[in-house]
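Engineer: In the numbering used here, the protein residues as written are 80 to 175.
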């Protein structure tokens with residue numbers, strides 16, 4: 080089966096898989112079901128992808144930003160850089 084083609088990178092955020100870590104509990108001598116959430120499967124490779132997408136979408140919904148506005152990314156660059164929502168502004172990302 081060919082890979083799923085997405086219309087926008089933001090469609091590859093969320094719904095990251097859980098993996099059961101079968102050997103970890105027994106190696107520590109505990110009886111438990113331990114799972115790891117694989118957030119690196121997000122588009123930008125981070126749990127911050129969910130946060131950034133939500134911030135931009137909510138700001139658009141509430142009218143705080145509109146198409147064409149400049150969004151300033153004051154971090155190292157991996158929080159908002161991937162997340163101009165589909166069907167929205169062509170934002171300019173400025174990183175410091």
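All C-beta atoms, glycine included, are put in the ideal place defined by N, C-alpha and C.
Check whether the Cβ atoms of residue 98 and residue 114 sit closer than 8 Å, and answer yes or no.
Structural biologist: yes
Engineer: Please determine if the region 99 to 108 and the region 130 to 150 are in contact, where contact requires at least 3 C-beta pairs separated by less than 8 Å.
Structural biologist: no
Engineer: Indicate the three-state DSSP secondary structure (helix, strand or coil) for residue 92 in the structure shown.
Structural biologist: coil
Engineer: Confirm, please, whether the CB-CB distance from residue 129 to residue 88 is below 8 Å.
Structural biologist: no
Engineer: Taking the C-alpha atoms as reference points, what is the distance between residue 95 and residue 146?
Structural biologist: 29 Å
Engineer: Quick check on this structure: which residue in 152, 122, 150 and 144 has the alpha carbon closest to the alpha carbon of residue 86?
Structural biologist: 122
Engineer: To the nearest angstrom, report how far apart residue 148 and residue 84 are at their CA atoms.
Structural biologist: 28 Å
Engineer: Based on DSSP bridge pairs, tell me the residues matched to residue 114.
Structural biologist: 99
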